[in-house]
Amino acid sequence: MKLDKIDIKILSQLQKNGRVTNVELADLVNLSPSPCLMRVKKLQTEGFITGYSAQIDVSKLGQTLTIFTEVTLKHHQQNDFARFLTAIQKVDSVIECHLVSGGYDYLVKFVTAGISEYQTIMERMIELDIGIDKYFSFVVLKSPIVKSHLPLDAIFDR
Numbered sequence: 001m002k003l004d005k006i007d008i009k010i011l012s013q014l015q016k017n018g019r020v021t022n023v024e025l026a027d028l029v030n031l032s033p034s035p036c037l038m039r040v041k042k043l044q045t046e047g048f049i050t051g052y053s054a055q056i057d058v059s060k061l062g063q064t065l066t067i068f069t070e071v072t073l074k075h076h077q078q079n080d081f082a083r084f085l086t087a088i089q090k091v092d093s094v095i096e097c098h099l100v101s102g103g104y105d106y107l108v109k110f111v112t113a114g115i116s117e118y119q120t121i122m123e124r125m126i127e128l129d130i131g132i133d134k135y136f137s138f139v140v141l142k143s144p145i146v147k148s149h150l151p152l153d154a155i156f157d158r
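When we follow this note's numbering, the leftmost residue of the sequence shown carries the number 1, and every step to the right adds one.
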């Protein structure tokens with residue numbers, strides 16, 4: 001499915017407010033409600049929309065710690081990457097995991113109750129022998145910019 005400008009507008013609006021009614025969404029993207037709903041359903045069927053969720057203010061939950069961790073694996077065979085990913089997917093504190101180019105293999109984002117919880121998680125992962133050679137941790141002191149939406153207009157303005 002090739003996206004047109006109206007599809008991009010629909011996606012942009014939905015990522016900003018997933019609770020918008022179809023009538024409001026149709027008005028925002030200059031469509032009538034029925035064609036707008038058909039497009040939303042098609043975007044869901046085609047996998048462009050994968051779900052809806054609430055955005056939570058982590059600071060309201062009490063003390064939390066966000067840590068970015070650079071992980072380098074000992075070996076770089078396909079099964080080494082698969083073993084690491086299988087293990088890391090089971091860690092609830094892992095919010096994001098990215099395979100990256102450069103001086104390390106993965107950039108992993110953790111959100112934990114504190115440094116001791118993070119240390120326990122990392123020690124457990126080392127004990128599991130999932131192929132970690134080394135890791136470097138970066139504790140987030142402040143997050144002045146956090147966006148929950150993608151710059152769809154810029155990405156698809158081609």
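By construction, the Cβ of each residue, glycine as well, lies at the ideal position given by its N, Cα and C atoms.
6 Å Cβ shell around residue i - same chain, five flanking residues per side excluded
i: Gly103; result: none
Beta-carbon proximity check, residue i vs residue j, cutoff 7 Å
i: Gly114; j: Leu73; result: no
i: Asn22; j: Leu3; result: no
i: Ile49; j: Val29; result: no
i: Ile56; j: Phe156; result: no
i: Ser93; j: Ile126; result: no
Nearest-angstrom beta carbon gap, residue j and residue i [assumed within contact, 8 Å]
i: Val140; j: Ile67; result: 7 Å
Closest residue to residue i among the options (Cα-Cα distance)
i: Leu65; options: Thr112, Lys134 and Met1; result: Thr112
i: Ser148; options: Asp7, Gly47, Ala54 and Val40; result: Ala54
i: Leu31; options: Pro151, Ile6, Gly51 and Glu127; result: Ile6
i: Leu128; options: Val91, Gly47 and Thr45; result: Val91
i: Tyr135; options: Val146, Asp153, Leu150 and Asp105; result: Asp105
i: Ser143; options: Phe84, Gly62 and Val58; result: Val58
Reduced DSSP category for residue i - H, G, I as helix; E, B as strand; rest coil
i: Thr86; result: helix
i: Val139; result: strand
i: Tyr106; result: strand
i: Leu28; result: helix
i: Lys134; result: strand
Residues near residue i by beta carbon distance below 7 Å, same chain, minus five either side
i: Phe153; result: This sequence places Asp at residue 153; Phe is not what is there. Result list for Asp153: Ile8 and Ser12, in chain order.
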